[in-house]
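Student:
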Amino acid sequence: MKVRWKSWEKRTQTPLLALAVAFGLAYAVPIVAPGAAPWVHRLCTQVEWVVWGAFAVDYLVRLALAPARWVFVRSHPLDLLAVLLPMVQPLRLLRVVSTLLLVGRRARMAPQITLTTYVAGAVVGLMMFGSLAVLHVERDAPNGNIKTLGDAVWWSFTTMTTVGYGDHAPTTGLGRVLAVGLMLSGIALLGVVTANIAAWFISRFDRDDAVERRQTELLEALTLEVRELRAEVARLSPSDGPRDVPAPAGPPTAATAPTAPRS
C-alpha cells in the first residue's frame, strides 16, 4: 500500500504543479484586467475550481492509499483544512489560500525541489498572490490608496520585509487580515532565508577549517616520519672507535733532534 502511495505522489507531482501555474494565471487575469469579457471571468473561475478539485481528489486518493488513514489525517492537518475551506465558505480568497496550502505541501514533498528553490518560489508566490489579493480588496475601497498593481507589489514587498514605509496601507478589514498574514509569512520565510545564508557561511568556514586541519595533520605526520627515519639511520650506521691520530709534521725539537758524535 505504501508503495502505491509513493507511486501516486510521484506520478501526480508534475501535473499538479502545472495545474498550480494555471490557477495562478486564472486568479491573476480578472484582477489585472477587470474589464475583460465576462466569459473570461467565468473561465478563470471554472479553472480555479477545477484546480482546487484536482488537489482535493489528490488528497482523497492519498488518504485511501495511506497505510494508516487516521495517522495520515493527523499528520496532514493543513491539507484537510485546505480541502474543507472552500466548501465551508465559497469565497474566492479561501480558494486561493487552500490551493496555496496544497501546492506548498506537494512542492515541499518533491525530491527534486531543494529547500532553496522551495523558499525562493514561496517568497515569489506569496508576494504575487498577496499583491493580487490586496489589490482586489482595496482597489474599490473609498479611502483606499492601493489602486494599481505597482502599488500592491510595493506594499507587499515592504510588508513582507517588515519595513512598512506607510505610504500604502490597507483600509478595509479583509485587507488588514491579508496584511497580518503577509507579515507573519514574510517573517517566517525571511527567517528561513537568513538561516540558510548563515548555514552556508558556517559550512564554508567548516570546510576551510577542515582543509587546514588536514594540512596540519599531514605536516605533523611527515615531521614524525622524518624523525623516525633519522633515528633509524642513526641506529643502523656503524659506530667507529677512536683512531690514532699521526703527529703533525714540523721542525725537530730538542728531544727528537739527533746528537752530534763526540770526538
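In this note's numbering, the protein residues as written are 351 to 613. Glycine included, C-beta positions come from ideal geometry on N, C-alpha and C.
Near Pro440, what residues of its chain come up, given a Cβ to Cβ distance below 6 Å and the 5 sequence neighbours on each side ignored?
Tutor: Interpretation of Pro440 is limited by its pLDDT of 49, a score under 50 that renders its predicted location unreliable; the figure taken from the coordinates is listed afterwards. Hits under 6 Å: none found.
Student: Roughly how many whole angstroms lie between the Cα atoms of Arg367 and Trp402?
Tutor: Per the sequence presented here, residue 367 reads as Leu, with Arg not at that position. Distance between the alpha carbons of Leu367 and Trp402: 12 Å.
Student: Taking just the CA atoms, how far does Leu540 sit from Met478?
Tutor: One C-alpha to the other measures close to 16 Å.
Student: Please classify Pro440: does DSSP put it in a helix, a strand, or coil?
Tutor: Low confidence applies to Pro440: its pLDDT is 49, below 50, so where it sits in the model is not reliable, and the reading given next is rough at best. Correct three-state label for Pro440: coil.
Student: Count the other CB atoms, across all protein chains shown, that sit within 10 Å of the CB of Ile496; report buried if there are 16 or more and exposed otherwise.
Tutor: Classification of Ile496: buried, given that the 10 Å Cβ count is 16 or more.
Student: Just curious, the alpha helix (DSSP H) that Asn546 is in, first and last residue?
Tutor: Gly523 to Leu586 is the extent of the alpha helix (DSSP H) around Asn546.
Student: What residues in its chain sit with their C-beta under 8 Å from that of Arg361, if we drop five residues either side in the sequence?
Tutor: So no residue of the chain qualifies.
Student: Between Thr395, Glu359 and Val382, which has its C-alpha nearest His486's C-alpha?
Tutor: Answer by Cα proximity: Val382.
Student: Keeping to the same chain, check which residues put their C-beta closer than 7 Å to that of Gly480; ignore five residues upstream and five downstream.
Tutor: So the list reads Ser506, Leu528 and Leu532, once near-sequence residues are dropped.
Student: For the alpha helix (DSSP H) that Asp408 lies in, which residues bound it at each end?
Tutor: Segment Pro388 to Leu415, the alpha helix (DSSP H) holding Asp408.
Student: Report the rounded CA-to-CA distance for Ala406 versus Val433, giving the unit in angstroms.
Tutor: Computed Cα separation, rounded: 6 Å.
Student: Under 9 Å, do Leu410 and Trp358 count as touching if we go by C-beta distance?
Tutor: No.
Student: Measuring CA to CA, which of Pro492, Gln396 and Ala545 is closest to Leu369?
Tutor: Among Pro492, Gln396 and Ala545, the Cα nearest to that of Leu369 is on Gln396.
Student: Return yes when the Cβ of Thr512 is within less than 9 Å of the Cβ of Gly494, no when it is not.
Tutor: Not closer than 9 Å, so no.
Student: Should Tyr377 and Leu499 be called a contact, given that it needs their Cβ atoms to be closer than 9 Å?
Tutor: No. Outside cutoff.
Student: Kindly indicate which three-state DSSP category Thr364 falls into: helix, strand or coil?
Tutor: The answer is helix: DSSP assigns Thr364 an H, G or I state.
Student: For Ala571 and Gln565, I'd like the C-alpha separation in whole angstroms.
Tutor: Going from the Cα of Ala571 to the Cα of Gln565 covers about 10 Å.
Student: Is Asp501 helix, strand or coil when you go by DSSP?
Tutor: Asp501 falls in the helix class under three-state DSSP.
Student: Mind checking Val484: buried by the 16 CB within 10 Å criterion, or exposed?
Tutor: Result: buried.
Student: Give me, in chain order, the residues of the same chain whose beta-carbon lies closer than 7 Å to that of Lys356; leave out the 5 immediate sequence neighbours on both sides.
Tutor: Within the same chain, Lys356 has no close Cβ partners at all.
Student: Do you know how far the Cα of Ala470 is from the Cα of Ser553?
Tutor: For Ser553 and Ala470, the distance between alpha carbons rounds to 20 Å.
Student: Return helix, strand or coil for Thr508, following the three-state DSSP convention.
Tutor: Correct three-state label for Thr508: helix.
Student: What do you reckon, are the CB atoms on Val474 and Val543 nearer than 9 Å?
Tutor: For Val474 and Val543, no; Cβs fall outside 9 Å.
Student: Have a look at Met510, Gly374, Ala491 and Thr508 and flag the residue whose alpha-carbon is nearest the alpha-carbon of Gly523.
Tutor: Looking at the Cα atoms, Ala491 is the closest of the given residues.
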